[in-house]
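*Asks:* Following this message is one structure expressed as structure tokens.
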Amino acid sequence: MSIKRLRLLGLLPTWVTIGVLMIGPLLIMAAVSLMEANVYGGVHLRFDVSSYVQILFDKNLFDETEFNPAYLIIILRSFMLALGATGLALLIGFPAAYYIARQPDHRKNLLVFLITIPFWTNLLVRTFAWVIILGRGGFMDQVGSFLNIIGPDESINLMYTNTAILIGLVYSYLPLMVLPLYASMEKMDVRLLEAGADLYANRYELIRRIIVPLTMPGIIGGSILVFVPCLGAFIAPDLLGGGKKLMLGSLVQLQFATSRNWPFGAAIAMMLLAIVVIALMVNARAARRHAVYEQTGAEATHG
Amino acid sequence: MRKNVAVDIQQVTKIYGTGNAAVTAVNNVTLQIYDNEFLTLLGPSGCGKTTLLRMIAGFEDMTKGHINLFGEEIEDLPPNQRPVNTVFQHYALFPHLSVYENVAFGLRRLKKSEAEIDHRCKEVLALTQMEALAERRPSQMSGGQQQRVALARALAPNPKVLLLDEPLSALDLKLRQAMRDELKQLQQKTGITFIFVTHDQEEALAMSDRIVVISEGKVQQVGTPQAVYEAPSNRFVANFIGEANMLEASCKTTGKNMTFTLVGGGTLKISTPDVAAGDAVTIMIRPEKVKVLAKTGKKTTPSSLQMEAKVIEQTYLGSVTHLDLACDGQTLKACINQGAHASFATGDEVLIEIPADNCRVLRS
Numbered sequence: 273m274s275i276k277r278l279r280l281l282g283l284l285p286t287w288v289t290i291g292v293l294m295i296g297p298l299l300i301m302a303a304v305s306l307m308e309a310n311v312y313g314g315v316h317l318r319f320d321v322s323s324y325v326q327i328l329f330d331k332n333l334f335d336e337t338e339f340n341p342a343y344l345i346i347i348l349r350s351f352m353l354a355l356g357a358t359g360l361a362l363l364i365g366f367p368a369a370y371y372i373a374r375q376p377d378h379r380k381n382l383l384v385f386l387i388t389i390p391f392w393t394n395l396l397v398r399t400f401a402w403v404i405i406l407g408r409g410g411f412m413d414q415v416g417s418f419l420n421i422i423g424p425d426e427s428i429n430l431m432y433t434n435t436a437i438l439i440g441l442v443y444s445y446l447p448l449m450v451l452p453l454y455a456s457m458e459k460m461d462v463r464l465l466e467a468g469a470d471l472y473a474n475r476y477e478l479i480r481r482i483i484v485p486l487t488m489p490g491i492i493g494g495s496i497l498v499f500v501p502c503l504g505a506f507i508a509p510d511l512l513g514g515g516k517k518l519m520l521g522s523l524v525q526l527q528f529a530t531s532r533n534w535p536f537g538a539a540i541a542m543m544l545l546a547i548v549v550i551a552l553m554v555n556a557r558a559a560r561r562h563a564v565y566e567q568t569g570a571e572a573t574h575g
Numbered sequence: 020m021r022k023n024v025a026v027d028i029q030q031v032t033k034i035y036g037t038g039n040a041a042v043t044a045v046n047n048v049t050l051q052i053y054d055n056e057f058l059t060l061l062g063p064s065g066c067g068k069t070t071l072l073r074m075i076a077g078f079e080d081m082t083k084g085h086i087n088l089f090g091e092e093i094e095d096l097p098p099n100q101r102p103v104n105t106v107f108q109h110y111a112l113f114p115h116l117s118v119y120e121n122v123a124f125g126l127r128r129l130k131k132s133e134a135e136i137d138h139r140c141k142e143v144l145a146l147t148q149m150e151a152l153a154e155r156r157p158s159q160m161s162g163g164q165q166q167r168v169a170l171a172r173a174l175a176p177n178p179k180v181l182l183l184d185e186p187l188s189a190l191d192l193k194l195r196q197a198m199r200d201e202l203k204q205l206q207q208k209t210g211i212t213f214i215f216v217t218h219d220q221e222e223a224l225a226m227s228d229r230i231v232v233i234s235e236g237k238v239q240q241v242g243t244p245q246a247v248y249e250a251p252s253n254r255f256v257a258n259f260i261g262e263a264n265m266l267e268a269s270c271k272t273t274g275k276n277m278t279f280t281l282v283g284g285g286t287l288k289i290s291t292p293d294v295a296a297g298d299a300v301t302i303m304i305r306p307e308k309v310k311v312l313a314k315t316g317k318k319t320t321p322s323s324l325q326m327e328a329k330v331i332e333q334t335y336l337g338s339v340t341h342l343d344l345a346c347d348g349q350t351l352k353a354c355i356n357q358g359a360h361a362s363f364a365t366g367d368e369v370l371i372e373i374p375a376d377n378c379r380v381l382r383s
């Protein structure tokens, strides 16, 4: 067998993984989204774009097509919550990652290990812990009554609000923000901060002019890693939003599991995918712009 | 002429760690650095010279002592509020900024006007001959060019004192020698006080107005390059700067001209003020001051000691030849100019002459 053939054979697992496990299901979903729904689940094999129309329009009693903002509101809510969760995760994750990166080696490894510990437990279980924390008579209420913000039998009433969903989302995906941030902060040459301070930069200017630009790849990477799953999240909105504040992820899950409208669920999933792809393209463009920094960072160490 | 003190270092001590693990990096250093001076802190690695520099810059706290800058206390100021700038050993250029923006960084932080920034940047880039590469990124430049940018960046805010932390150590020999002259010229042109840290004695001798020799956190000697080379104050300085022959001796008579008897016999009359009769001392003589004569040669100077010796090794170095000589059970180094003397071969019996005037008496 020639080397060339061997090489192709070696790539087989890759092609199987990408082809069968990724592209295949995606094509099936794309096909399903363009078919007619079967009310008992599954689809009729007939071409139909009504699922996509349904995202924005509805038929009224007189069988006229009219604008229906219900799903648009869910899309906007998902977008805002995902954006908010990404921003909050960045706000919390940035100093955390910086702190970890500045520790001595052995403590660094321990802290990174601690960051990954939540992944060992099921997300459902962890989110349910927040139900207990935020729920009536829960930890938050106890703290509130201890501080005399609320009366002894009152509740802060955080459950089933957008705030609760936001807390859940930030909690779930914070490690995905911290890890890439840590990776790029660890690579950053601390001596540059000394040089910055020597050149009259105060703390804020050091962050704004040196740390942020040099850790941009980590900021973009972490933001994508948080934003994308937040957009499709359904556990946090279900448990903490009480299933009333739907997000795109919960909507898809609802269509497949409860409403038995597979094509509509698939159409929403496709739209979600489109949003994610656009976000990734923005990321790729920003990453290209910052490729120069990466390169120089590597060279500075042996210069 | 009374000189203005730029940096006044008063009894500064720096101790790292506590208890048994405590390491004294800088030990009770008192030093005045004058305005418009090229001062070099010279010492082996780990001697505390960089720590001292970093305390002036504000990157390290002092354990004890005071540092004043032009009469003002600066020890409580963070680095960004001290009117000094640093050229770092590994340049520490900002990789995400162009050369121009690197140089402008300090000026922008000082909130200078755009016109002023532009004028000053162009000025220092011209001074360091980097104006052609202003739009490049640091990664697109050689080590020597990065070095110049680091220099331009530190000079741009017009600091009162420029601190240079072994800035030439990462360059190759040729470039290092060229940069030496350039740094010296730059110091004279700008009139800024330069405090230069190095472990390279040749660099220190070539550039400095004064050299501060530091060892184990303590100042060993402060003086002009001539002073530290020709009149080292102790064995460490004598050995660290240049090569030295050390002859153990004891002091015989007191008076202006004292007689020293070498351990191997032989006497030298040297006038030196600060030893008393009976003191055990070391007599230091530089290899190039040792005269080597053929066995049949005659004494050239009256006040010198003549000894028999044998050439055990010779190293030809072009303009000079280094000789290792066995004499009275110890090895002496001599350095002779080419053509000035007849050449010697290994194994030759020779006469060496140690002129008293070129000897330096060091306390053991």
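As you go down the protein sequences, you meet chains H and U in turn. Using my numbering, you'd call the opening residue of the first sequence number 273 and step up by one each time. Using my numbering, you'd call the opening residue of the second sequence number 20 and step up by one each time. Note that beta-carbon positions come from the ideal geometry of N, C-alpha and C, so glycine has one too.
Compute the distance between the beta-carbons of U/Ile371 and U/Leu344, then report whether it is under 9 Å.
*Replies:* yes
*Asks:* Is the shortest distance between the beta-carbon of U/Ala153 and the beta-carbons of chain H less than 9 Å?
*Replies:* No, its Cβ sits nowhere closer than 9 Å to a Cβ of chain H.
*Asks:* By the DSSP assignment, the alpha helix (DSSP H) with U/Cys346 in it spans what residues?
*Replies:* U/Cys346 -> not in any alpha helix (DSSP H); beta strand (DSSP E) instead, spanning Val339 to Cys346.
*Asks:* Give a yes or no on whether the minimum CB-CB distance between H/Leu464 and chain U is below 9 Å.
*Replies:* yes
*Asks:* State the start and end residues of the unbroken beta strand (DSSP E) segment that holds U/Thr301.
*Replies:* Ala299 to Ile304
*Asks:* Which ranges does the beta strand (DSSP E) cover as unbroken runs of at least 3 residues, wholly within the segment 180 to 245 of chain U, from first to last along the chain?
*Replies:* 180 to 184, 212 to 217, 229 to 234 and 237 to 242
*Asks:* H/Leu299 versus chain U: which residues are under 9 Å apart at the beta carbon?
*Replies:* The premise fails here: H/Leu299 is roughly 42 Å from chain U at the closest Cβ pair, so nothing lies under 9 Å.
*Asks:* What does the alpha-carbon distance come out to for the pair H/Arg561 and H/Val554?
*Replies:* Distance between the alpha carbons of H/Arg561 and H/Val554: 11 Å.
*Asks:* Based on Cα-Cα distance, which residue from U/Glu120, U/Cys270, U/Val24 and U/Ala268 lies nearest to U/Val394?
*Replies:* One cannot answer for residue 394 of chain U here, as it falls past the ends of chain U, which runs 20 to 383.
*Asks:* CA-CA distance, H/Leu293 and H/Leu497?
*Replies:* 20 Å
*Asks:* Looking at U/Arg128: is its Cβ nearer than 9 Å to the Cβ of H/Ala354?
*Replies:* no
*Asks:* How big is the Cα-Cα spacing for U/Val369 and U/Pro306?
*Replies:* In a straight line, the C-alpha of U/Val369 is about 15 Å away from that of U/Pro306.
*Asks:* Against chain H, with Cβ distances strictly below 9 Å, would U/Phe213 count as a contact?
*Replies:* no
*Asks:* Could you tell me which uninterrupted beta strand (DSSP E) segments, each at least 3 residues in length, are contained entirely in the segment 54 to 93 of chain U, listed from first to last along the chain?
*Replies:* Counting only runs of 3 or more, we get 57 to 61 and 83 to 88.
*Asks:* Starting from the C-beta of U/Thr147, find all residues in its chain whose C-beta is less than 8 Å away, skip the five residues before and the five after it, and write them out in chain order.
*Replies:* Closer than 8 Å at Cβ, skipping near neighbours: Arg167, Val168, Leu170, Ala171, Leu174 and Leu205.
*Asks:* Round the Cβ separation of H/Arg532 and H/Gly313 to the nearest angstrom and send it over; I've been treating them as touching at under 8 Å.
*Replies:* 5 Å
*Asks:* Distance, Cα to Cα, U/Leu324 vs U/Leu58?
*Replies:* 37 Å
*Asks:* Which residues, in order along the segment 468 to 494 of chain H, keep a beta-carbon less than 9 Å from a beta-carbon of chain U?
*Replies:* For the segment 468 to 494 of chain H, the set of residues with a beta-carbon nearer than 9 Å to any beta-carbon of chain U comprises Gly468, Ala469, Asp470, Leu471, Tyr472, Ala473, Asn474, Arg475, Glu477, Leu478, Arg481, Ile482, Pro485, Leu486 and Met488, in chain order.
*Asks:* Should U/Cys378 be labelled buried (16 or more other beta-carbon atoms within 10 Å of its own) or exposed?
*Replies:* buried
*Asks:* Based on Cα-Cα distance, which residue from H/Phe418, H/Ile372, H/Asn420 and H/Tyr445 lies nearest to H/Arg398?
*Replies:* H/Tyr445
*Asks:* Shorter than 9 Å from the beta carbon of U/Ala100 to some beta carbon of chain H?
*Replies:* Correcting the residue identity first, residue 100 of chain U is Gln in this sequence and not Ala. Yes, contact with chain H.
*Asks:* Can you give me the C-alpha to C-alpha distance between U/Ile233 and H/Thr358, rounded to a whole angstrom?
*Replies:* 54 Å
*Asks:* For H/Asp510 and chain U, any beta-carbon pair shorter than 9 Å?
*Replies:* Not an interface residue.
*Asks:* Please look up how many angstroms separate the CB atoms of U/Gly67 and U/Ala44, rounded, as I've assumed it's under 8 Å.
*Replies:* 5 Å
*Asks:* Applying a beta-carbon distance threshold of less than 7 Å, which residues of chain H neighbour U/Thr105?
*Replies:* Asp470
*Asks:* Are any of the Cβ atoms in chain H nearer than 9 Å to that of U/Phe124?
*Replies:* yes
*Asks:* Using DSSP's beta-bridge definition, name the partner residues of U/Thr43.
*Replies:* U/Ile34
*Asks:* Pairs of beta-carbons, one from the segment 251 to 264 of chain U and one from the segment 83 to 98 of chain U, closer than 8 Å: are there three or more?
*Replies:* no
*Asks:* Quick check: the Cα distance between U/Gly283 and U/Val300, rounded to an integer number of angstroms?
*Replies:* 14 Å
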